[in-house]
């Protein structure tokens, strides 16, 4: 089994490219390398330089490989299509420029879904016509990424969007061809949604092309779900704890990947508030050491 471990700018609190609270991209690369990682995601397009020469130099300085990039845009909003398309095209171009392989699609947070993150029984559901249009927008970007840019495209379920809960994810997988859409599986978001990450992996491991490693504090999870706490406030409260300290069974995750002969990147994502987590290097280092301790 050849698995490589990377990290992502969200572990330094970078969720949006223009957030004034963000650290610099150079700081993120420096700490990522110092913590023992060999790869990093792009982060929201525009956070790292879109000039290929500038980013190539930065990556080379820290002996880092670009793994992939995330399009975290409102696929659920038909009026935001231009924004979705802009983010998708720019991300695809950046990935191709650096030989990165993984394009990850995430439906961003919707005000209609935010209060019911983690509560599938209470969450608003799309009607048939809205779902079909939503599914087709995801499929359009997946087809573009796979066929026009040669990327491996994965759908990523995310708390407080309309691709949050396991039944929605499995419905999408049934309705969009595997040749253009695979799974970027996030262990923490699956737990946040109230489902068993390991059980899902066992059923769908053949379609998983890329992994996001995230752990979740069960006490904080129960509290934020009970109080309908917003996603970013939950991040600030530390819902995504260091790996091995939450409710995700990473030894079992490893075994599923091992049994399937999974090869490729698994990326640590510990979403945090950039002002409330002063020891990002310590967290990144601890996460890398934990994964090494269990065989990754």
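Numbering (the numbering used here), first residue to last: 3 to 298. Don't be surprised by glycine CBs; every beta carbon is placed ideally from N, CA and C. Values in this document were obtained by computation on a predicted structure and should not be read as measured data.
How close, in whole Å, do the beta carbons of residue 109 and residue 160 come, if the pair is a contact with beta carbons under 8 Å? Working through the chain shown from its first residue, we reach residue 109 at position 107. Working through the chain shown from its first residue, we reach residue 160 at position 158. So it is a contact: roughly 7 Å between Cβ atoms.
Beta carbon of residue 286, beta carbon of residue 37: below 8 Å? Here residue 286 refers to the residue found at position 284 when the chain shown is read from its first residue. Here residue 37 refers to the residue found at position 35 when the chain shown is read from its first residue. Between residue 286 and residue 37, the gap from beta carbon to beta carbon is short of 8 Å.
Below 8 Å between beta carbons: does that hold for residue 293 and residue 7? As a first step, residue 293 must be located in the chain shown, where it is residue number 291. As a first step, residue 7 must be located in the chain shown, where it is residue number 5. A contact, by the Cβ cut-off of 8 Å.
Residues bridged to residue 184 by DSSP? Your numbering for residue 184 matches position 182 in the chain shown. Partner(s): 156.
Which same chain residues end up closer than 8 Å to residue 181 when comparing Cβ atoms and leaving out the 5 residues on each side of it in sequence? On the chain shown, residue 181 is found 179 positions in, with the first residue counted as 1. Excluding its 5 nearest sequence neighbours in each direction, residue 181 has C-beta neighbours in its own chain below 8 Å: 148, listed in chain order.
Anyone know if the C-beta pair for residue 224 and residue 166 falls short of 8 Å? Counted from its first residue, the chain shown places residue 224 at position 222. Counted from its first residue, the chain shown places residue 166 at position 164. Contact: no.
Where residue 174 and residue 272 are concerned, what is the direct C-alpha to C-alpha distance, given to the nearest angstrom? In the chain shown, the residue the question calls residue 174 occupies position 172. In the chain shown, the residue the question calls residue 272 occupies position 270. If you draw a straight line from the Cα of residue 174 to the Cα of residue 272, it is about 26 Å long.
So, is residue 11 buried or exposed, given that buried needs 16 or more other C-beta atoms within 10 angstroms? Reading the chain shown from its first residue, position 9 is the one you call residue 11. Label assigned to residue 11: buried.
Whole-Å CB distance - residue 30 paired with residue 16, under 8 Å assumed: Numbered from 1 along the chain shown, position 28 holds the residue referred to as residue 30. Numbered from 1 along the chain shown, position 14 holds the residue referred to as residue 16. Contact between residue 30 and residue 16 holds, with the beta-carbon distance rounding to 7 Å and staying under 8 Å.
Would you mind reading off the limits of the beta strand (DSSP E) that contains residue 211? Taking the chain shown and counting its residues from 1, one reaches residue 211 at position 209. From DSSP, the beta strand (DSSP E) with residue 211 extends over 210–215.
So the alpha helix (DSSP H) residue 245 belongs to, where does it begin and stop? Residue numbering aside, residue 245 sits at position 243 when the chain shown is read from its first letter. Going by DSSP, residue 245 is part of no alpha helix (DSSP H) at all; its letter is neither H nor E.
Round the Cβ separation of residue 162 and residue 112 to the nearest angstrom and send it over; I've been treating them as touching at under 8 Å. Within the chain shown, the letter at position 160 stands for residue 162. Within the chain shown, the letter at position 110 stands for residue 112. Contact between residue 162 and residue 112 holds, with the beta-carbon distance rounding to 7 Å and staying under 8 Å.
Among the residues of its own chain, which have a CB less than 6 Å from the CB of residue 203, if the five just before and after it don't count? Within the chain shown, the letter at position 201 stands for residue 203. Same-chain partners within the cutoff: 258.
Does residue 33 come out as helix, strand or coil in the three-state DSSP assignment? By one-based count along the chain shown, residue 33 stands at place 31. For residue 33, the three-state secondary structure derived from DSSP is helix.
Residue 200 and residue 254: beta carbons closer than 8 Å? As a working mapping, residue 200 is identified with position 198 in the chain shown. As a working mapping, residue 254 is identified with position 252 in the chain shown. Their beta carbons are under 8 Å apart, which means residue 200 touches residue 254 by this criterion.
When the Cα atoms are used, what is the spatial distance from residue 187 to residue 56? Taking the first residue of the chain shown as position 1, residue 187 is located at position 185. Taking the first residue of the chain shown as position 1, residue 56 is located at position 54. Using only the alpha carbons, I get a separation of about 30 Å.
Among 58, 66, 140 and 27, which residue has its Cα nearest to the Cα of residue 83? Numbered from 1 along the chain shown, position 81 holds the residue referred to as residue 83. In terms of Cα proximity to residue 83, the closest of 58, 66, 140 and 27 is 140.
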